[in-house]
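Visitor:
Protein chains: 2
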Amino acid sequence: MTTEEHILNEARDIFYRKGLAGTRMQEIADKAGINKAMLHYYFKTKELLFNRIFEQAFAVFAERVAEVLKSDVPLEQKIVDYVNHTVDALAETPGIPVFVLNELTFNPERITDLFAGKNKIDISYFKDQVDNQTHGKTDANNLFMDMVALCVYPFVIAPVFKRMLQQSDQQYKTLLQERKAHIINELLKRL
Amino acid sequence: MTTEEHILNEARDIFYRKGLAGTRMQEIADKAGINKAMLHYYFKTKELLFNRIFEQAFAVFAERVAEVLKSDVPLEQKIVDYVNHTVDALAETPGIPVFVLNELTFNPERITDLFAGKNKIDISYFKDQVDNQTHGKTDANNLFMDMVALCVYPFVIAPVFKRMLQQSDQQYKTLLQERKAHIINELLKRL
DNA sequence: TTATTAACTAACCAGTTGGTTAATAATTAA
DNA sequence: TTAATTATTAACCAACTGGTTAGTTAATAA
Numbered sequence: 022m023t024t025e026e027h028i029l030n031e032a033r034d035i036f037y038r039k040g041l042a043g044t045r046m047q048e049i050a051d052k053a054g055i056n057k058a059m060l061h062y063y064f065k066t067k068e069l070l071f072n073r074i075f076e077q078a079f080a081v082f083a084e085r086v087a088e089v090l091k092s093d094v095p096l097e098q099k100i101v102d103y104v105n106h107t108v109d110a111l112a113e114t115p116g117i118p119v120f121v122l123n124e125l126t127f128n129p130e131r132i133t134d135l136f137a138g139k140n141k142i143d144i145s146y147f148k149d150q151v152d153n154q155t156h157g158k159t160d161a162n163n164l165f166m167d168m169v170a171l172c173v174y175p176f177v178i179a180p181v182f183k184r185m186l187q188q189s190d191q192q193y194k195t196l197l198q199e200r201k202a203h204i205i206n207e208l209l210k211r212l
Numbered sequence: 022m023t024t025e026e027h028i029l030n031e032a033r034d035i036f037y038r039k040g041l042a043g044t045r046m047q048e049i050a051d052k053a054g055i056n057k058a059m060l061h062y063y064f065k066t067k068e069l070l071f072n073r074i075f076e077q078a079f080a081v082f083a084e085r086v087a088e089v090l091k092s093d094v095p096l097e098q099k100i101v102d103y104v105n106h107t108v109d110a111l112a113e114t115p116g117i118p119v120f121v122l123n124e125l126t127f128n129p130e131r132i133t134d135l136f137a138g139k140n141k142i143d144i145s146y147f148k149d150q151v152d153n154q155t156h157g158k159t160d161a162n163n164l165f166m167d168m169v170a171l172c173v174y175p176f177v178i179a180p181v182f183k184r185m186l187q188q189s190d191q192q193y194k195t196l197l198q199e200r201k202a203h204i205i206n207e208l209l210k211r212l
């Protein structure tokens with residue numbers, strides 16, 4: 022692993038937990054076991070280092086969503102794939118959603134860039150697919166929003182749900198895995 | 022309006038948009054049109070001022086949820102009330118969810134305090150109610166999580182959904198209002 | 001009126017923070 | 001081998017930040 026990758030890994034961990042403003046360059050340097058000057062040597066500024074981390078994190082979401090909206094598989098399969106892939110991905114790095122949401126809130130101008138050019142994502146193809154298949158019975162916007170909400174929110178609010186549902190870390194993890202089938206079941210009912 | 026309330030209002034606006042670490046005491050003072058020393062005169066430290074704002078914000082969620090879990094009305098009515106009240110409350114102050122999620126992520130120890138003593142929230146009564154009424158057909162944990170997720174997440178991710186669904190601010194607002202009926206409809210189907 | 005308390009301000013301060021610099025070590029190319 | 005480039009460090013710095021202080025004005029109580 023190169024020094025650059027090593028820095029990125031430590032920086033990611035800290036940025037995920039403390040955000041841009043709450044993170045200290047010195048802390049990243051310490052965790053990475055290097056001199057603070059090295060951070061600037063490799064990444065110029067704090068913001069540029071943060072951008073690298075953020076873009077990686079955002080891609081996790083964007084890729085899944087883009088796939089659902091564009092790919093040519095049957096609707097049922099799309100939903101099954103989205104739920105399974107998204108929940109599995111978030112189970113690996115549960116800190117991602119809040120990190121991304123946070124940055125988009127603190128720095129809303131970023132959204133314009135994220136959805137520019139080739140990353141332009143729109144729902145129209147998915148919408149047509151839903152309309153054709155359900156003959157207008159199911160609203161595509163709500164189906165899409167529900168699908169994402171049901172998958173992502175339990176990760177976002179994990180500490181609170183864990184408490185309210187009185188689940189240990191391990192129990193909650195299991196619960197989220199079993200939830201995949203529940204979400205798929207509920208969504209497919211509507212088609 | 023007292024100076025204290027005035028400070029709280031300006032501080033809330035800035036904390037919601039920038040978080041604890043990203044907010045400067047000087048900026049709050051400027052927006053409130055007072056001297057920075059006044060902030061410390063009224064609230065002692067930045068953290069104490071932040072706590073006041075946070076506790077207010079968290080109460081918005083906690084109250085709705087506590088009501089659902091404890092109150093003695095029929096299940097159907099509970100769900101209708103929760104969805105309507107929650108969406109209406111968030112429509113007024115859409116910045117709240119990310120603000121709260123953020124702080125809970127950056128400062129997880131806080132959760133212990135929030136659910137201590139009289140604020141202790143547990144789902145067991147709600148669970149019994151669901152079990153009795155559906156004879157085990159519907160899982161109470163998932164019903165509860167779905168209910169919250171479907172209401173709150175569209176506010177949390179608003180800027181992204183707005184882009185992907187190609188909705189103006191006004192259109193998205195309307196969409197969220199109309200969504201209330203959709204959410205209620207989907208949830209009641211399961212009972 | 002006057003003494004006391006509350007509200008408010010300008011100037012200041014010590015600690016922190018992102019970032020720089022000048023010098024050195026390690027690697028690579030000639 | 002040697003010249004040149006890359007990687008790394010210790011020390012430093014200017015700007016910023018939360019918080020304080022000493023003093024002033026406004027309101028309240030005696």
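Chains A and B are the protein sequences, given in the same order. Taking our numbering as reference, the numbering of the first sequence is continuous, increasing by one, and the terminal residue is 212. Taking our numbering as reference, the numbering of the second sequence is continuous, increasing by one, and the terminal residue is 212. Beta carbons are placed, not taken as given, at the ideal position from N, Cα and C, and that holds for glycine.
(1) Please confirm whether any heavy atom of the ligand GTP lies closer than 7 angstroms to the CB of residue 57 (chain A).
(2) Between the beta-carbon of residue 208 (chain B) and the beta-carbon of residue 168 (chain B), is there less than 8 angstroms?
(3) Show which residues of chain A have a CB atom less than 7 angstroms away from the CB atom of residue 187 (chain B).
(4) Buried or exposed for residue 62 (chain B), please, with buried defined as at least 16 other CB atoms from any protein chain shown within 10 angstroms of its CB.
(5) Which chain A residues are close to residue 174 (chain B), counting only those with a beta carbon under 8 angstroms from its beta carbon?
(6) Just reading off the alpha helix (DSSP H) that residue 130 (chain A) is part of, what are its end residues?
(7) Between residue 155 (chain B) and chain A, is the shortest Cβ-Cβ distance under 8 angstroms, so that the two count as touching?
(8) Determine whether the beta carbon atoms of residue 29 (chain B) and residue 74 (chain B) lie at a separation below 8 angstroms.
(9) Only counting the same chain, and skipping five residues up and downstream in sequence, which positions put a Cβ closer than 8 angstroms to that of residue 47 (chain B)?
(10) Please confirm whether residue 39 (chain B) has its beta-carbon closer than 8 angstroms to some beta-carbon of chain A.
(11) Roughly how many angstroms separate the alpha carbons of residue 116 (chain A) and residue 127 (chain A), rounded to a whole number?
(12) Roughly how many angstroms lie between the CA atoms of residue 111 (chain B) and residue 23 (chain A), to the nearest whole one?
(13) With residue 87 (chain B) and residue 142 (chain B) assumed to form a contact (beta carbons below 8 angstroms), what rounded beta-carbon distance in angstroms separates them?
(14) In three-state terms, what does DSSP make of residue 184 (chain A)?
(15) Looking at the unbroken alpha helix (DSSP H) that takes in residue 43 (chain B), where does it start and where does it end?
(16) From B:82, B:98 and B:45, pick the residue whose C-alpha is nearest to that of residue 109 (chain B); which is it?
(17) Hey, out of A:203, A:78, A:129 and A:137, whose CA is closest to residue 164 (chain B)'s CA?
(18) Apply the 10 Å Cβ neighbour rule to residue 94 (chain B) and answer buried if 16 or more other Cβ atoms are within range, or exposed otherwise.
(19) List the residues of chain A whose Cβ lies closer than 8 angstroms to the Cβ of residue 203 (chain B), in chain order.
(20) Going by Cα to Cα distance, which pick from A:35, A:32 and A:177 is closest to residue 118 (chain B)?
(21) What separation, rounded to the nearest whole angstrom, lies between the Cα atoms of residue 190 (chain A) and residue 50 (chain B)?
(22) Ordered along the chain, which non-local residues of its own chain (more than five positions away) have a Cβ less than 6 angstroms from that of residue 193 (chain B)?
(23) Whole-angstrom Cβ separation of residue 200 (chain B) and residue 175 (chain B), contact assumed at under 8 angstroms?
(24) Using a Cβ-Cβ cutoff of less than 7 angstroms, which residues in the same chain neighbour residue 70 (chain A) once the five nearest sequence positions on both sides are dropped?
(25) What residue range is occupied by the uninterrupted alpha helix (DSSP H) comprising residue 136 (chain A)?
(26) Check this for me: beta carbons of residue 147 (chain A) and residue 196 (chain A), under 8 angstroms apart or not?
(27) Can you pull the chain A neighbours of residue 43 (chain B), defined as C-beta to C-beta under 9 angstroms?
(28) Between residue 217 (chain A) and residue 44 (chain A), how many whole angstroms is the CB-CB distance? I'm expecting something under 8 angstroms.
(29) Cα separation between residue 39 (chain B) and residue 153 (chain B)?
(30) Can you list, in chain order, the residues of its chain with a C-beta nearer than 7 angstroms to that of residue 150 (chain B)? Leave out the 5 residues immediately preceding and following it.
(31) Work out the CA separation of residue 156 (chain A) and residue 52 (chain A) for me, nearest whole Å.
(32) Under 8 angstroms, Cβ to Cβ, is there at least one residue of chain B near residue 123 (chain A)?
(33) Note down the Cα distance separating residue 120 (chain A) from residue 76 (chain A), rounded to an integer number of angstroms.
(34) Distance cutoff 8 angstroms, beta carbons only. Does residue 75 (chain B) sit that close to anything in chain A?
Guide: If we stick to the structure as given:
(1) Ligands in the displayed structure: none, and consequently the ligand GTP is not present.
(2) Yes, the Cβ-Cβ distance between residue 208 (chain B) and residue 168 (chain B) is below 8 angstroms.
(3) Listed along the chain, the chain A residues whose CB falls inside 7 angstroms of the CB of residue 187 (chain B) are 143.
(4) Label assigned to residue 62 (chain B): exposed.
(5) Under the 8 angstroms cutoff, chain A gives 166, 169, 170, 173, 174 and 177.
(6) Where residue 130 (chain A) is concerned, there is no enclosing alpha helix (DSSP H), given that its DSSP letter is neither H nor E.
(7) At a cut-off of 8 angstroms between beta-carbon atoms, residue 155 (chain B) makes no contact with chain A.
(8) Cβ atoms of residue 29 (chain B) and residue 74 (chain B): closer than 8 angstroms.
(9) The answer, listed in chain order, is 57.
(10) Residue 39 (chain B) counts as touching chain A.
(11) Near 17 angstroms, if we compare the C-alpha coordinates of residue 127 (chain A) and residue 116 (chain A).
(12) If you take the alpha carbons of residue 111 (chain B) and residue 23 (chain A), they lie about 46 angstroms apart.
(13) With 8 angstroms as the limit, residue 87 (chain B) and residue 142 (chain B) qualify as a contact, their Cβ atoms being about 6 angstroms apart.
(14) Three-state DSSP puts residue 184 (chain A) in a helix.
(15) In the DSSP annotation of this structure, the continuous segment of the alpha helix (DSSP H) that includes residue 43 (chain B) starts and ends at 24-43.
(16) Closest option to residue 109 (chain B), Cα to Cα, is B:82.
(17) Checked all of A:203, A:78, A:129 and A:137; the closest Cα to residue 164 (chain B) is A:203.
(18) Here residue 94 (chain B) is exposed: its Cβ has fewer than 16 other Cβ atoms, across all protein chains shown, within 10 Å.
(19) Going along chain A in sequence order, the residues near residue 203 (chain B) (Cβ under 8 angstroms) are 160 and 163.
(20) For residue 118 (chain B), the nearest C-alpha among the options comes from A:177.
(21) Put simply, the backbone Cα of residue 190 (chain A) is about 42 angstroms away from that of residue 50 (chain B).
(22) Cβ within range, chain order: 183.
(23) Sure, about 7 angstroms apart at Cβ, within 8 angstroms.
(24) Same-chain partners within the cutoff: 32, 60 and 64.
(25) No alpha helix (DSSP H) holds residue 136 (chain A); DSSP gives it neither H nor E.
(26) Going by C-beta atoms, residue 147 (chain A) is not nearer than 8 angstroms to residue 196 (chain A).
(27) Simply 40, 41, 42, 43 and 127.
(28) For chain A, the structure presents residues 22 to 212; residue 217 (chain A) sits outside this window and is missing.
(29) If you take the alpha carbons of residue 39 (chain B) and residue 153 (chain B), they lie about 45 angstroms apart.
(30) Cβ neighbours of residue 150 (chain B) beyond the five flanking positions: 96.
(31) Using only the alpha carbons, I get a separation of about 56 angstroms.
(32) Interface criterion met: the Cβ of residue 123 (chain A) is under 8 angstroms from a Cβ in chain B.
(33) Cα to Cα, residue 120 (chain A) sits roughly 11 angstroms from residue 76 (chain A).
(34) No, no contact with chain A.
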